[in-house]
Structure formats: structure tokens, C-alpha cells
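Step one of this worksheet: look at the structure below.
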Amino acid sequence: MMMNAPICQCCAMPMTEDSLFGTNKDGSKNEDYCAYCFKGGEFTFDGTMDEMIEFCVQPCLDNGVYPDADTARKSMKEFFPSLKRWKG
90 MMMNAPICQC
100 CAMPMTEDSL
110 FGTNKDGSKN
120 EDYCAYCFKG
130 GEFTFDGTMD
140 EMIEFCVQPC
150 LDNGVYPDAD
160 TARKSMKEFF
170 PSLKRWKG
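In the numbering used here, the protein residues as written are 90 to 177.
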């Protein structure tokens with residue numbers, strides 16, 4: 090994983106190539122959110138932060154980001170509140 094890549098401010102996925110960036114209403118690239126979370130100027134996921142964390146656990150495990158589900162959940166519950174989408 091490229092540590093200097095921007096991360097999605099909703100799911101924390103590294104956006105390592107242009108195709109991973111979401112799109113604004115006018116079709117331009119959105120610098121804050123990934124293509125999975127934000128399309129055409131709108132969020133594609135209409136759930137809570139905890140629901141997003143649960144959704145992200147398996148992809149993180151599949152990609153070797155965390156050693157197990159409990160570690161993934163704990164780490165994301167600490168980090169996600171700092172992301173733009175989930176800030177107060």
C-alpha cells in the first residue's frame with residue numbers, strides 16, 4: 090500500500106490511481122472520496138459509521154491490512170471518526 094496516497098474520507102481506502110477517485114455532480118474527480126463511496130456528487134452508502142466499518146472489515150482482511158477482524162474493528166473505530174464523512 091502506498092502510504093502517501095490520499096485516502097477516502099469515508100472508508101479510508103487508499104486512492105492509488107485516478108480510477109479510484111469518486112466523481113462530483115459535473116463528472117469531475119472528487120479528491121476526498123473514492124469511486125465506491127461517492128459517485129455523481131452523492132454518497133453511495135447511506136449508513137452509519139459502524140455499518141461502514143463492518144462493511145470494510147472483510148476487504149481489509151482480504152488485503153492483509155489487519156491480522157484479524159477484532160483488530161480491524163478496533164483500529165477502524167479509533168480512526169474513522171477523524172475522516173471528513175464521520176466528523177461530528
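Where a beta carbon is used, it is the ideal one built from N, C-alpha and C, also for glycine.
Source: prediction; values computed, not measured.
So what does DSSP say about T137, is it helix, strand or coil?
The answer is coil: DSSP assigns T137 none of H, G, I, E or B.
Do you know how far the Cα of N93 is from the Cα of N113?
Distance between the alpha carbons of N113 and N93 is about 23 Å.
Where do the ends of the beta strand (DSSP E) carrying T112 lie?
Note, T112: beta strand (DSSP E), F110 to T112.
Ends of the beta strand (DSSP E) at E120?
Unbroken beta strand (DSSP E) run through E120: K118 to C123.
May I ask you to list the residues that DSSP assigns as paired with F144?
Partner(s): none; F144 has no beta bridge.
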